[in-house]
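Heads up: the structure comes next, in structure tokens.
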Amino acid sequence: MEQNITFRPKMDDELQAIDNKVLSMAELVETQILNAVKAIKEKDMKLARDIIDGDEEIDDLEDKINNDCFKFLATQAPLASDLRYAISIMKMIRDIERIGDHCVDIAKFAIRLNDKEYYKELIDLPRMAGMSTQMVSDAIRSFVDKDLRLARRVWKKDDEIDELYKFVLEEQLGVAGSEPEKAECAVQFAFVAEHLERIADYATNICEETVFMLEGKDLTKI
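This note's numbering applies: residue 594 is where the sequence shown begins, and numbers increase by one.
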């Protein structure tokens, strides 16, 4: 018992340091989501290239967090709950890294669309980006804070993103089918919406991992 009391503060400090890196990684990704769509809306090629170049920093953070988790598991005597938490973090940052990859793909669409004349003001894509970013932020916060209510709230918000995605998809494919001169632009907008919808899906993955870690339940079956 004395050994647990002695070493627990050090273990908690290591876990807190890992949490801080996770939050830093999340902040980078959240900025990338918003900037990727901003690059499309404003035809900002420098911003698009910055997003592509910035993906390396996200990848580096993923490696560092994984290494910290492996070190924690190898050098400490974690409780079962600590073990689940560390393993869950490694799963979660994989999802965060994939969100970063989607941002890079969106930035590449910005470059492809640079010489295209948009046939309408972009409203729904920035709205989707804002919703997806908030979901990612809240999902990661629910994990770090062990907030089950927040996790469930975020998980349910995915329906809103899905509905908006369907609307954007139908609209863009309708334009592509009826107005050939606008087809290329419309199809690429549809692909951007798909990437944003997938980002929201990763946020729900994080929420599911949070609930499973804390309650041992599958959120999709509750």
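Idealized CB from N, CA, C, for every residue including glycine.
For clarity, every value in this text was computed on a predicted model and none was experimentally measured.
Give the straight-line distance between the Cα atoms of residue i and residue j, rounded to the nearest whole angstrom.
i: N798; j: L654; result: 20 Å
i: M573; j: A619; result: This structure gives no information on residue 573, because the portion of the chain shown stretches from 594 to 815.
i: V761; j: D661; result: 41 Å
i: G647; j: V622; result: 10 Å
i: L627; j: A722; result: 6 Å
i: V689; j: I611; result: Per the sequence shown, the amino acid found at residue 689 is Ile instead of Val. Each residue's Cα considered, the two are about 14 Å apart.
i: E777; j: E764; result: 14 Å
i: R734; j: E710; result: 39 Å
i: E787; j: S674; result: 36 Å
Which residues mark the beginning and the end of the alpha helix (DSSP H) in which residue i is found?
i: Q669; result: Run containing Q669: none; DSSP gives neither H nor E here.
i: N798; result: A776 to E808
i: D717; result: D717 to V737
i: L743; result: L741 to S771
Assuming residue i contacts residue j under a Cβ cut-off of 8 Å, what Cβ separation, rounded to an integer in Å, is found between them?
i: L718; j: V780; result: L718 to V780, Cβ: 14 Å. No contact.
i: I686; j: I658; result: 5 Å
i: I704; j: A641; result: 5 Å
i: L757; j: A783; result: Not a contact, Cβ separation roughly 13 Å.
i: I699; j: A629; result: 4 Å
Are the C-beta of residue i and some C-beta of chain B separated by less than 7 Å?
i: I611; result: This model lacks chain B altogether, as it is built from one protein chain only.
Please give the ranges of any alpha helix (DSSP H) in the segment 630 to 673, keeping only runs that are unbroken, at least 4 residues long and fully inside the region. Within the segment 630 to 673, the complete alpha helix (DSSP H) runs of at least 4 residues are 638 to 668.
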